[in-house]
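So the sequence shown is residues 745 to 986, counted in the working numbering.
So the structure is just underneath, and the comments pick up after that.
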Amino acid sequence: MPTPLAVCLEDLDARSPGERYLRCVAVPGRQPGLRVDPAGAVLWRGDGPVACELWVSMDQRLILYRPESAPAVVVRRAGRALDGPAGKPVVLLDQDGFEVGTKRMRVHVHGEAPAIAAPSFLPAPERAEARGGLRGAAAAVAIGAALGGAALFEVRCHPPSPVEPTPRDDQQDAGAPPPEDAETQPDIEVRVQPPAIAPMPPLPPPPPPPEPIEVRENPPGAPAPDMSIEKTDDRGGDPSKP
Numbered sequence: 745m746p747t748p749l750a751v752c753l754e755d756l757d758a759r760s761p762g763e764r765y766l767r768c769v770a771v772p773g774r775q776p777g778l779r780v781d782p783a784g785a786v787l788w789r790g791d792g793p794v795a796c797e798l799w800v801s802m803d804q805r806l807i808l809y810r811p812e813s814a815p816a817v818v819v820r821r822a823g824r825a826l827d828g829p830a831g832k833p834v835v836l837l838d839q840d841g842f843e844v845g846t847k848r849m850r851v852h853v854h855g856e857a858p859a860i861a862a863p864s865f866l867p868a869p870e871r872a873e874a875r876g877g878l879r880g881a882a883a884a885v886a887i888g889a890a891l892g893g894a895a896l897f898e899v900r901c902h903p904p905s906p907v908e909p910t911p912r913d914d915q916q917d918a919g920a921p922p923p924e925d926a927e928t929q930p931d932i933e934v935r936v937q938p939p940a941i942a943p944m945p946p947l948p949p950p951p952p953p954p955e956p957i958e959v960r961e962n963p964p965g966a967p968a969p970d971m972s973i974e975k976t977d978d979r980g981g982d983p984s985k986p
């Protein structure tokens with residue numbers, strides 16, 4: 745039987761670090777679970793419009809499934825792209841990406857999930873300025889003084905420059921060489937047969953019903969007298985004998 749998978753969905757265009765990584769659990773089969781709506785928002789066991797579903801196949805692979813009549817979904821791997829076919833499961837690997845509308849996601853597969861839980865954002869690391877400003881620098885200077893001749897810790901007053909966003913695949917120079925690992929990455933696998941809902945284990949038979957409580961209508965009566973007493977004559981003998 746397949747087991748739930750722990751995955752992270754990385755929003756490549758997140759507005760803040762705290763909204764970049766969404767911790768999720770993909771459940772086996774096409775039961776209600778992890779879904780993405782046409783706007784790119786991640787749903788959990790919702791019933792609204794769906795662009796694609798993310799679930800676990802019977803052979804323990806992460807599947808992206810685009811239902812019939814759902815909007816377009818593009819799957820990307822090492823510079824290659826695939827328009828997700830409707831009604832056919834697409835096997836996702838770690839570091840694969842997919843696009844729904846203007847939303848770009850990267851998939852991180854972490855293995856078997858210890859428990860099933862609703863999606864939640866991974867907290868962004870707290871910066872030194874938010875924890876007390878110059879107190880971190882003062883502590884570093886104090887530690888350096890206590891160590892005598894040891895080199896001081898380097899504390900930089902300015903935060904690092906923001907990393908330039910990665911250009912979209914469709915915005916890259918058409919003449920640029922493909923990624924170095926493009927030839928070693930496997931092709932995107934599309935399965936022909938539509939998925940079947942994972943079978944549920946049979947339920948154990950119900951226990952036998954308990955014996956009913958017996959209620960009797962009449963109270964118990966006195967025991968009947970013993971009618972087998974022998975008759976004797978005045979002489980103490982049996983009167984039927986001469």
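We put the beta carbon where it would ideally sit given N, CA and C, even for glycine.
List the DSSP bridge partners of residue i.
i: residue 827; result: 818
i: residue 784; result: Its beta-bridge partners do not exist; DSSP assigns none.
i: residue 808; result: 798 and 834
i: residue 855; result: 750
i: residue 841; result: 820 and 850
i: residue 934; result: 834
i: residue 769; result: 750
i: residue 779; result: 787 and 797
i: residue 864; result: 767
i: residue 755; result: 849
Less than 6 Å between C-beta atoms, sequence neighbours within five positions excluded: which residues of the same chain meet that for residue i?
i: residue 843; result: 818
i: residue 784; result: 844, 845 and 847
i: residue 765; result: 752, 754 and 866
i: residue 747; result: 856
i: residue 745; result: none
i: residue 826; result: 819 and 932
Out of the options, point me to the one whose CA is closest to residue i's CA.
i: residue 805; options: 792, 756, 852 and 780; result: 852
i: residue 1026; options: 780, 772, 826 and 867; result: Because the chain is modelled from 745 through 986, residue 1026 falls outside the range shown and cannot be assessed.
i: residue 828; options: 800, 807 and 838; result: 807
i: residue 838; options: 932, 745 and 948; result: 932
i: residue 1068; options: 946, 937, 825 and 836; result: With the chain running from 745 to 986 in the structure shown, residue 1068 is simply not present.
Measure the alpha-carbon distance for residue i versus residue j and round it to whole angstroms.
i: residue 786; j: residue 830; result: 19 Å
i: residue 770; j: residue 823; result: 25 Å
i: residue 810; j: residue 796; result: 4 Å
i: residue 857; j: residue 762; result: 22 Å
i: residue 813; j: residue 832; result: 12 Å
i: residue 753; j: residue 834; result: 16 Å
i: residue 775; j: residue 802; result: 13 Å
i: residue 757; j: residue 951; result: 56 Å
i: residue 820; j: residue 930; result: 12 Å
i: residue 794; j: residue 849; result: 16 Å
i: residue 862; j: residue 928; result: 35 Å
i: residue 948; j: residue 790; result: 30 Å
i: residue 937; j: residue 946; result: 25 Å
i: residue 840; j: residue 953; result: 54 Å
i: residue 792; j: residue 780; result: 10 Å
So residue i packs on residue j, CB below 8 Å; how close in whole Å?
i: residue 788; j: residue 778; result: 7 Å
i: residue 864; j: residue 935; result: Their Cβ separation, rounded to whole angstroms, is 30 Å, which puts residue 864 and residue 935 out of contact at 8 Å.
i: residue 869; j: residue 815; result: Incorrect: roughly 35 Å between the Cβ atoms, too far for contact.
Counting only the same chain and skipping the five closest in sequence on each side, list residues whose C-beta sits under 8 Å from that of residue i.
i: residue 855; result: 749 and 750
i: residue 760; result: 868
When you compare the CB of residue i with every CB in chain B, is at least one pair closer than 8 Å?
i: residue 868; result: Absent from the structure: chain B. Only one protein chain is present.
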